[in-house]
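The structure under discussion appears below in the form of structure tokens.
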Amino acid sequence: MTDYIIVGAGPAGCVLANRLSEDPGNSVLLLEAGGKDWHPYIHMPAGFAKMTKGIASWGWSTVPQKNMKDRVFWYTQAKVVGGGSSINAQIYTRGNARDYDAWEKEEGLAGWGYRDVLPYFKRAENNQRFANDFHGDQGPLGVSNPISPLPICEAYFRAGQEMGIPFNPDFNGANQEGVGYYQLTQKDARRSSASVAYLKPIRARKNLTVRTDVLVTRIVVEKGRAVGVEVVDRPGGEKKILHAEREVIVSSGAIGSPKLLMQSGIGPADHLKSVGVTPVHDLPGVGSNMQDHLDLFVIAECTGDHTYDNYAKLHRTAWAGLQYLLLKKGPVASSLFETGGFWYADPTAASPDIQFHLGLGSGIEAGVEKLNNPGVTLNSAFLRPRSRGTVRLKSADPANHPLIDPNYWSDPYDRAMSIKGLRLAREIMRQKALEPYVLREVLPGPSLASDDELFDYACRSAKTDHHPVGTCRMGHDEMAVVTPDLRLRGIEGLRVCDASVMPRVPSSNTNAPTIMVGEKGADLILGREPLPPAVFSGNRAA
Numbered sequence: 000m001t002d003y004i005i006v007g008a009g010p011a012g013c014v015l016a017n018r019l020s021e022d023p024g025n026s027v028l029l030l031e032a033g034g035k036d037w038h039p040y041i042h043m044p045a046g047f048a049k050m051t052k053g054i055a056s057w058g059w060s061t062v063p064q065k066n067m068k069d070r071v072f073w074y075t076q077a078k079v080v081g082g083g084s085s086i087n088a089q090i091y092t093r094g095n096a097r098d099y100d101a102w103e104k105e106e107g108l109a110g111w112g113y114r115d116v117l118p119y120f121k122r123a124e125n126n127q128r129f130a131n132d133f134h135g136d137q138g139p140l141g142v143s144n145p146i147s148p149l150p151i152c153e154a155y156f157r158a159g160q161e162m163g164i165p166f167n168p169d170f171n172g173a174n175q176e177g178v179g180y181y182q183l184t185q186k187d188a189r190r191s192s193a194s195v196a197y198l199k200p201i202r203a204r205k206n207l208t209v210r211t212d213v214l215v216t217r218i219v220v221e222k223g224r225a226v227g228v229e230v231v232d233r234p235g236g237e238k239k240i241l242h243a244e245r246e247v248i249v250s251s252g253a254i255g256s257p258k259l260l261m262q263s264g265i266g267p268a269d270h271l272k273s274v275g276v277t278p279v280h281d282l283p284g285v286g287s288n289m290q291d292h293l294d295l296f297v298i299a300e301c302t303g304d305h306t307y308d309n310y311a312k313l314h315r316t317a318w319a320g321l322q323y324l325l326l327k328k329g330p331v332a333s334s335l336f337e338t339g340g341f342w343y344a345d346p347t348a349a350s351p352d353i354q355f356h357l358g359l360g361s362g363i364e365a366g367v368e369k370l371n372n373p374g375v376t377l378n379s380a381f382l383r384p385r386s387r388g389t390v391r392l393k394s395a396d397p398a399n400h401p402l403i404d405p406n407y408w409s410d411p412y413d414r415a416m417s418i419k420g421l422r423l424a425r426e427i428m429r430q431k432a433l434e435p436y437v438l439r440e441v442l443p444g445p446s447l448a449s450d451d452e453l454f455d456y457a458c459r460s461a462k463t464d465h466h467p468v469g470t471c472r473m474g475h476d477e478m479a480v481v482t483p484d485l486r487l488r489g490i491e492g493l494r495v496c497d498a499s500v501m502p503r504v505p506s507s508n509t510n511a512p513t514i515m516v517g518e519k520g521a522d523l524i525l526g527r528e529p530l531p532p533a534v535f536s537g538n539r540a541a
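FYI, the numbering for the sequence shown is 0 to 541, going by numbering that gives the first Met the number 0.
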């Protein structure tokens, strides 16, 4: 018997394991279906480019996307300690202040406004550059500036300014809009995942047990209360019940958490019956409200050796490895997407609705046809989609993949804004400041000009930014899955704490917001007073 069982060692789960076990009187069991974060690619910043091909992931895909010509998207979800923070591009962005104020004012989530959550972002942060109203420097999570930027990054900044987009030294500070360097979850030229930051320093705690390669098949509910979980520790292995004295906390991500709840009979009853699962608690919102950022990109051929493409050659790969081992610099120390920005597709938007990521190579994650010279990529993503998707079960078998349907572009506004974002990216790449570096546009290609042509291109080439949220959302209505204190509606002793509880996707990458949810969630679970609301000079409104 243990006090708390945490299901899923992703970003929020690692935070919870750390914070809940700070009190030696609490016994904590953290369960992870994946393995340990031993693979060297995980800890080398540039190694993330290999991760989207299946290392340390579940190998899932979406259902055909009916609004994108039935395209099926590869949908990487982490299966490793640290979760997404162990395999992502390490970009540290939090979103816009208005995102969280909308949670509070429009969704009715008291205590989740920007001034309420900022202290939790700061508590997590060990920032290597900033210590001010917006940043902390005493937390466990390493946050630093890029180590090895290339000259083309500075040219990109000038190109943005030629279009009227200002330079911004800190996207998480007083303003979000502009172009600039991303801060990264790195420390000493190594990835600072939630596992490294939150778990590694405390593994000797006697009241914390971390078990990997353990699949949780269902939550055990008795008389309206979650009392434990059923697990198997190997394929075809014997099922066992592990009991929780106080609470079961589901922290398996925006895909894994609703999947586990539904496997346990908690979710929309009609769907559960249709796949052979006996309903335990009819909760229609489980698996609904899915949101994600869809990524459209421009790839250009460079005039010379301005990016990292040539490091794929064996002799240069060897040199890059030596450079990293000896000097902690060079391509291996790069996240490859260290430069970007936030701007507007909709000129009437109150805050930026497009995010750019400048990739220092041609098709870093997916690959494209070979170019004569190295290439460069500029990704664009529409940040506030109106489309809503679902996660559903394929069958009652926990080993089966879930049915993931982001339902991209079901709202025509998302399609229109995404294509505007792609046009902005093309325009940036055509600015005078980039002429010494950019030879020609390869994708979409200069011959594609109309919205219909760019729609066809997007259907062929778009990718997910891997930012799913919302499938166990907080709220007060009948479609809400958890209350604002993360308790599952209708069952005692059960909470959800991860990106799935976010009612709306933040206007940014989602790793930092998920860690914030873990930090705030720990205080809620322990019954602590919330951190005092932030006080800062100026108006952090955009």
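Using N, Cα and C, we set each Cβ at its ideal position, and we do this for glycine too.
Mapping DSSP to helix, strand and coil, what is V142? Within the sequence shown, the letter at position 143 stands for residue 142. Of the three classes helix, strand and coil, the one that applies to V142 here is strand, per DSSP.
Rounded straight-line distance, which links the Cα of H400 to that of G252: Within the sequence shown, residue 252 is the residue found at index 253, counting from 1. Within the sequence shown, residue 400 is the residue found at index 401, counting from 1. Straight-line Cα distance between these residues: approximately 14 Å.
Please work out which residues of its chain come closer than 6 Å, Cβ to Cβ, to K519, disregarding the five sequence neighbours upstream and downstream, and give them in chain order. Within the sequence shown, the letter at position 520 stands for residue 519. Around K519: Y119.
Using CA coordinates, which residue listed in L108, T1 and H42 is at the minimum distance from P483? The residue you call residue 483 lines up with position 484 of the sequence shown. Looking at the Cα atoms, L108 is the closest of the given residues.
D304 versus R157 - alpha carbon distance: On the sequence shown, position 305 is the one that residue 304 refers to. On the sequence shown, position 158 is the one that residue 157 refers to. Cα-Cα distance, rounded: 20 Å.
I298 lies in the beta strand (DSSP E); which residues open and close that run? Residue mapping note: residue 298 aligns to position 299 of the sequence shown, counting from 1. I298 -> beta strand (DSSP E) spans L293 to C301.
Going by other Cβ atoms of all chains shown within 10 Å of its Cβ, with 16 needed for buried, is K419 buried or exposed? In the sequence shown, residue 419 corresponds to position 420, counting from 1. Buried, by the Cβ-count rule.
So, at 6 Å on beta carbons, what are the nonlocal neighbours of L117 in its own chain, with the 5 sequence-adjacent residues on each side left out? Translated into the one-based positions of the sequence shown, residue 117 becomes position 118. Closer than 6 Å at the Cβ level, and outside the excluded window around L117, lie A533.
Would G374 and S394 qualify as a contact pair, given that the criterion is a beta-carbon distance under 8 Å? Counting from 1 along the sequence shown, the entry for residue 374 is found at position 375. Counting from 1 along the sequence shown, the entry for residue 394 is found at position 395. Against a cut-off of 8 Å, the Cβ pair of S394 and G374 comes out as no contact.
Does the beta-carbon distance from A432 to E161 come in below 8 Å? Position 433 of the sequence shown, counting from 1, holds the residue named residue 432. Position 162 of the sequence shown, counting from 1, holds the residue named residue 161. The answer is yes: Cβ separation under 8 Å.
Please work out which residues of its chain come closer than 7 Å, Cβ to Cβ, to T61, disregarding the five sequence neighbours upstream and downstream, and give them in chain order. The count along the sequence shown starts at 1 and reaches residue 61 at position 62. So the qualifying residues of the chain are V71, F72, Y74, I403, D404 and P405.
Do the segment 15-31 and the segment 262-271 touch if we need at least three Cβ pairs shorter than 8 Å? no
Alpha carbon to alpha carbon, how far is S446 from R422? Here residue 446 refers to the residue found at position 447 of the sequence shown. Here residue 422 refers to the residue found at position 423 of the sequence shown. Cα to Cα, S446 sits roughly 13 Å from R422.
Helix, strand or coil: how does DSSP classify Q76 here? The count along the sequence shown starts at 1 and reaches residue 76 at position 77. Q76 falls in the coil class under three-state DSSP.
Which residues does DSSP pair with D281 in a beta bridge? Start at 1 with the first residue of the sequence shown, and residue 281 comes out as number 282. D281 is bridged to G266.
How would you write the range of the beta strand (DSSP E) that L433 sits in, first residue to last? Mapped onto the sequence shown, residue 433 falls at position 434. Here L433 belongs to no beta strand (DSSP E), and DSSP marks it neither H nor E.
Per DSSP, Y3 forms a beta bridge with which residues? In the sequence shown, the residue the question calls residue 3 occupies position 4. DSSP output for Y3 lists V27 and E246 as bridge partner(s).
Is the beta carbon of G9 less than 8 Å from the beta carbon of P505? Within the sequence shown, the letter at position 10 stands for residue 9. Within the sequence shown, the letter at position 506 stands for residue 505. No.
So is H242 buried or exposed if we call it buried at 16+ other beta carbons inside 10 Å? Here the question's residue 242 lines up with position 243 in the sequence shown. Flag for H242 reads exposed.
Please classify W102: does DSSP put it in a helix, a strand, or coil? Taking the first residue of the sequence shown as 1, we reach residue 102 at position 103. Helix.
Can you give me the C-alpha to C-alpha distance between G340 and L377, rounded to a whole angstrom? For the purposes of this step, residue 340 is taken as residue 341 along the sequence shown, with counting starting at 1. For the purposes of this step, residue 377 is taken as residue 378 along the sequence shown, with counting starting at 1. So the alpha carbons of these two residues sit roughly 11 Å apart.
Which residues bound the alpha helix (DSSP H) around E452? For the purposes of this step, residue 452 is taken as the residue at position 453 of the sequence shown. It spans D450 to S460 - the alpha helix (DSSP H) in which E452 sits, taken as one unbroken run.
Would you kindly report the start and end of the unbroken alpha helix (DSSP H) that includes R553? Nothing in the structure corresponds to residue 553, since the chain is present only between 0 and 541.
Own chain partners of S26 with C-beta closer than 7 Å, once the 5 adjacent residues on each side are dropped: Indexing the sequence shown from 1 puts residue 26 at position 27. Counting only Cβ-Cβ distances below 7 Å, and skipping sequence neighbours, we find T1, D2 and N206.
Taking 8 Å as the threshold, find out whether the segment 187-207 comes into contact with the segment 137-144 through three or more Cβ pairs. yes
How many Å lie between A541 and A173 at the Cα? Position 542 of the sequence shown, counting from 1, holds the residue named residue 541. Position 174 of the sequence shown, counting from 1, holds the residue named residue 173. For A541, the predicted structure reports a pLDDT of 49, less than 50, and the residue's modelled location is therefore unreliable. A value from the coordinates is still provided. Distance between the alpha carbons of A541 and A173 is about 8 Å.
Contacts around L15, its chain only, beta-carbon distance under 7 Å, and the 5 residues preceding and following it disregarded: Counted from its first residue, the sequence shown places residue 15 at position 16. Result list for L15: I5, I248, S250, C496, G517, G520 and A521, in chain order.
Test item: CB-CB of T338 and Y180 under 8 Å: Indexing the sequence shown from 1 puts residue 338 at position 339. Indexing the sequence shown from 1 puts residue 180 at position 181. Contact: yes.
Can the beta-carbon of S85 be found closer than 8 Å to that of A77? Locating residue 85 in the sequence shown gives position 86, counting from the first residue. Locating residue 77 in the sequence shown gives position 78, counting from the first residue. Yes.
Determine the direct distance from the alpha carbon of R488 to that of V279, and round the result to whole angstroms. Reading the sequence shown from its first residue, position 280 is the one you call residue 279. Reading the sequence shown from its first residue, position 489 is the one you call residue 488. Those two C-alpha atoms are separated by around 13 Å.
So if DSSP puts E229 in a beta bridge, which residue, or which two residues, is it bridged to? Against the sequence shown, residue 229 aligns to sequence position 230. The secondary-structure analysis by DSSP pairs E229 across a beta bridge with R217 and I240.
Test item: CB-CB of L293 and S417 under 8 Å: Within the sequence shown, numbered from 1, the residue matching residue 293 stands at position 294. Within the sequence shown, numbered from 1, the residue matching residue 417 stands at position 418. The answer is yes: Cβ separation under 8 Å.
Rounded to whole angstroms, what is the Cα-Cα separation between Q322 and C152? Locating residue 322 in the sequence shown gives position 323, counting from the first residue. Locating residue 152 in the sequence shown gives position 153, counting from the first residue. The alpha-carbon atoms of Q322 and C152 are separated by roughly 21 Å.
Where does G255 sit, in a helix, a strand or coil, going by DSSP? By 1-based counting over the sequence shown, the position of residue 255 is 256. It is helical.
Okay, do the segment 522-532 and the segment 283-302 touch, 3+ Cβ pairs below 8 Å being the bar? no
Quick one: using the 10 Å Cβ neighbour count with 16 as the cut-off for buried, is P346 buried or exposed? Mapped onto the sequence shown, residue 346 falls at position 347. The residue is exposed, with fewer than 16 neighbouring Cβ atoms inside 10 Å.
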